[in-house]
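A.B. asks: Position one of the sequence shown corresponds to residue 47 (the working numbering), numbered consecutively onward.
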Amino acid sequence: GLAISKKLAQLMGGDVGVESDYGKGSTFWFTARLGKGVARARKFLPDPDLRRRRLLIVDDNEMSRIVLSDMLGGMTFAVKDVSSGKAALAEIGAAAERGEPYDVVLLDWQMPGMDGIATARAIRELPLSPLPHMVMVTAYGREEVFKEATLAGLEDVLIKPVSASTMFDTLVQVLGGQRGEAKEEEGGPVETRVDDLSALKGAVILLVEDNEFNQQIATELLTEAGFVVDLAEDGEKSLAMVGKRYYDVVLMDMQMPVMDGVTATVEIRKQDAFRELPIIAMTANVMAVDIERCRAAGMNDHIGKPIDPDELFGKLKKWIKPLQNVQVPTVTATPVTDPKEKTPVAVKTERKDDIPEIPGLDAAQGLKRVLGKKDFYLKVLGMFIDNQGDAPAQIRQSLDAGDYGTAERLAHTAKGVSGNIGATELQELAAKVEKAAKDGETREAVEELLAPFAAAHALFVARLREFLPGPDAGEKPAGTATPVDREEGLAACKKLAALLANDDSEAVDLLDDKSDLLQGVLGAGPFMTIEKALKDYDFEKALKLLREEAEKTNIEL
């Protein structure tokens, strides 16, 4: 390490040295000749409702307390520090009695007497409501402390030295969890606020996402908001596409086959023409270490999965330059009154009376993620069956083959897709399987987590199948068409295949005219993927998808 550091310093016109004092320690120094910076220092300021929130630093190292206090004070937080777990408990109790409770406690791990884990457990036992959020800040490896930290109620683990951007993002994320969510009033519609995107309509977005389910969700949200969307199914394809067309922003999935999002971003940034291209990571991994990995690769920002429309549109407003002289339709919806929002638009979410009441399915949350569009939500539920019906079996097959990387990716996808539809229980179970595969735990240990996920998944899919063919279901899954409809649907499939094979644009009209029949035969998920390819005039892909589905379901074309 010292040899590498010396080489780096010498490359910068300097040197490295060390001064040692026996029994006391060593001081390492380096010199370097640097040019004068032109960029202004970034100021990290939270939203007004987060400023002056109270933070307590618990660390036995004085220098660490000084550094963190200075950093957090500059972010407008109200900061106090103590040097031990015992002192922290006393201060938290005293602050609550003063009516000045702490919002967040930052805990070091290794401290004499009571360490950070023990302190966190003790804080959880305090008779306070609400309890403060807790984040661990440690110089030790993340993995060795993460399990214990999670069990002790800590919400994140940061590794020292912590950058200002990582600390800022973590605290905003932790404290942001206290903000109110849109709630459903009895007898009325749910209102989901979406920022006015008029100035951005027509902006071109490259969506880099391998999962068809996520492709459909994101594309629907973006096109509905007036964006032009191009799709790349993996990082390698995105490299080719950014060179062929101007994009206002790239939405980059992190985990993809062929080439992942981090690698793709690194390659894109190597080209001078794309140094300033906004790239936003889309990831279900929102731990600070994952976010830091995105930033290190050259990504500008990140949004979590499952996608929250408000967060998505907020990030797009942040990174896309408003288009000039673009005529857009006048917004007539009544805005939600909120002094913090400048020009919000109220999006009416239909009541979920005819949405399935299935244990483990939060339909209100699922509707919110698709801007309250009930018909599209029902399509999405059908797609879940088609695309995720055999997810546990695929994960198990990968594990049996010793391919933990694929198992992790499949579980990661299952986690995100489950979150998209509001299947919160499945989302949590899939997350446990993903982490176990990522950590390389034994096959038996992973199976202990996979088994309950598979059981819950099978029950959930069975209940979905019971609901979707019902009279109120927006779409019919494959195989639920009546005999007459099925005959007409099969004929429509044959005609569609013939038109596609001849590159005949009448295929688009046929798809629109016979959509119900085709969907009844093919199923909602496959139909939507074929429809997407056709709308993009990718006849070759549409024909390929149609033939693949026909082979799976024994349809003769």
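No residue lacks a Cβ here, since even glycine has one placed at the ideal position from N, Cα and C. Values in this document were obtained by computation on a predicted structure and should not be read as measured data.
I'd like the list of long-range same chain contacts for LEU48, defined as Cβ closer than 6 Å, with 5 residues on each side in sequence excluded.
C.D. replies: none
A.B. asks: Whose C-beta lies closer than 8 Å to the C-beta of MET58 among residues of the same chain, with five residues either side of it excluded?
C.D. replies: ALA78, ARG79, LEU80
A.B. asks: Counting beta carbon pairs with one atom in the stretch 314-326 and one in the stretch 421-436, are three or more of them shorter than 8 Å?
C.D. replies: Contact between the stretch 421-436 and the stretch 314-326 is absent: fewer than three C-beta pairs spanning the two stretches fall below 8 Å.
A.B. asks: Can you tell me the Cβ-Cβ gap for VAL220 and HIS179, rounded? I've got them flagged as a contact below 8 Å.
C.D. replies: Right, the Cβ-Cβ distance comes to about 5 Å (below 8 Å), so this counts as a contact.
A.B. asks: Would you call the stretch 305-320 and the stretch 256-273 touching, i.e. three or more CB-CB distances under 8 Å?
C.D. replies: no
A.B. asks: The alpha helix (DSSP H) that contains GLY139, what's its start and end?
C.D. replies: 131-143
A.B. asks: If you reduce the DSSP assignment to three classes, tell me which class ALA124 lands in.
C.D. replies: strand
A.B. asks: Count the other CB atoms, across all protein chains shown, that sit within 10 Å of the CB of LEU172; report buried if there are 16 or more and exposed otherwise.
C.D. replies: exposed
A.B. asks: From the beta carbon of LEU118, is the nearest beta carbon of chain C less than 8 Å away?
C.D. replies: Any reference to chain C falls outside this structure, which holds one protein chain only.
A.B. asks: Is there contact between the stretch 411-418 and the stretch 479-486, where contact requires at least three CB pairs shorter than 8 Å?
C.D. replies: no
A.B. asks: Candidates GLU454, ILE366, TYR293: which alpha carbon is nearest MET300's?
C.D. replies: GLU454
A.B. asks: Counting along the chain, where does the beta strand (DSSP E) carrying ASP276 start and finish?
C.D. replies: First-last of the beta strand (DSSP E) with ASP276: 274-278.
A.B. asks: Just verifying my parser: in three-state terms, what is the DSSP assignment at VAL104?
C.D. replies: strand
A.B. asks: Please state whether the Cβ-Cβ distance between ILE366 and ALA249 is less than 8 Å.
C.D. replies: yes
A.B. asks: Can the beta-carbon of VAL254 be found less than 8 Å from the beta-carbon of GLY289?
C.D. replies: no
A.B. asks: If you draw a straight line from the C-alpha of GLY462 to the C-alpha of TRP75, how long is it?
C.D. replies: 46 Å
A.B. asks: Relative to the alpha-carbon of GLN473, which residue among GLU487, ASP154, THR488, ALA500 has its alpha-carbon at the smallest distance?
C.D. replies: ALA500
A.B. asks: In terms of residues, what are the limits of the beta strand (DSSP E) holding LEU200?
C.D. replies: Element bounds for LEU200: n/a, residue is neither H nor E.
A.B. asks: Since ALA579 contacts LEU591 with CB under 8 Å, what's their CB separation in whole angstroms?
C.D. replies: Distance from ALA579 to LEU591 at the Cβ level is roughly 6 Å; contact confirmed, criterion being Cβ atoms closer than 8 Å.
A.B. asks: Between which two residues does the alpha helix (DSSP H) holding MET213 run?
C.D. replies: 210-222
A.B. asks: Hey, could you find the ends of the beta strand (DSSP E) TRP155 is sitting in?
C.D. replies: Run containing TRP155: none; DSSP gives neither H nor E here.
A.B. asks: Please name the residue in LEU603, GLU313, ARG511 whose C-alpha comes closest to that of GLY535.
C.D. replies: LEU603
A.B. asks: Roughly how many angstroms lie between the CA atoms of VAL150 and PHE192, to the nearest whole one?
C.D. replies: 18 Å
A.B. asks: Give, in chain order, every unbroken run of the beta strand (DSSP E) that is at least 3 residues long and sits entirely within the stretch 259-343.
C.D. replies: 274-278, 295-299, 325-329
A.B. asks: Short of 7 Å in beta carbon distance, which residues of its chain neighbour GLU201, apart from the five on each side in sequence? Order them along the chain.
C.D. replies: HIS179, MET180, VAL181, VAL220
A.B. asks: Count the other CB atoms within 10 Å of the CB of LYS351; is the residue buried (16 or more) or exposed (fewer)?
C.D. replies: Around the beta carbon of LYS351, a 10 Å sphere encloses 16 or more other beta carbons of the protein chains shown; the residue is thus reported as buried.
A.B. asks: Where ASP161 and ARG511 are concerned, what is the direct C-alpha to C-alpha distance, given to the nearest angstrom?
C.D. replies: 50 Å
A.B. asks: Measure the C-alpha to C-alpha separation of LEU514 and TYR450 and round it to an integer number of angstroms.
C.D. replies: Their backbone Cα atoms lie some 34 Å apart in a straight line.
A.B. asks: Do PRO147 and ASP106 count as a contact pair if the criterion is CB distance below 8 Å?
C.D. replies: no
A.B. asks: Could you name the residues that DSSP lists as bridge partners for HIS458?
C.D. replies: According to DSSP, which records beta bridges pairwise, HIS458 is partnered with nothing at all.
A.B. asks: Work out the CA separation of ILE404 and ARG509 for me, nearest whole Å.
C.D. replies: 7 Å
A.B. asks: Does ASN466 pass the burial test, meaning 16 or more other C-beta atoms within 10 Å, or should it be called exposed?
C.D. replies: buried
A.B. asks: From what residue to what residue does the beta strand (DSSP E) around GLU65 run?
C.D. replies: 62-67
A.B. asks: Near GLY344, which residues of its chain fall below 8 Å by C-beta distance, leaving aside the five closest residues on each side in sequence?
C.D. replies: THR311, VAL312, ILE314, ARG315, ILE325
A.B. asks: Leaving aside the five residues before and after ALA198 along the sequence, list all residues of the same chain whose C-beta is less than 6 Å from its C-beta, in chain order.
C.D. replies: ILE163, ALA166, ARG167
A.B. asks: GLN317: buried (16+ other C-beta within 10 angstroms of its C-beta) or exposed?
C.D. replies: exposed
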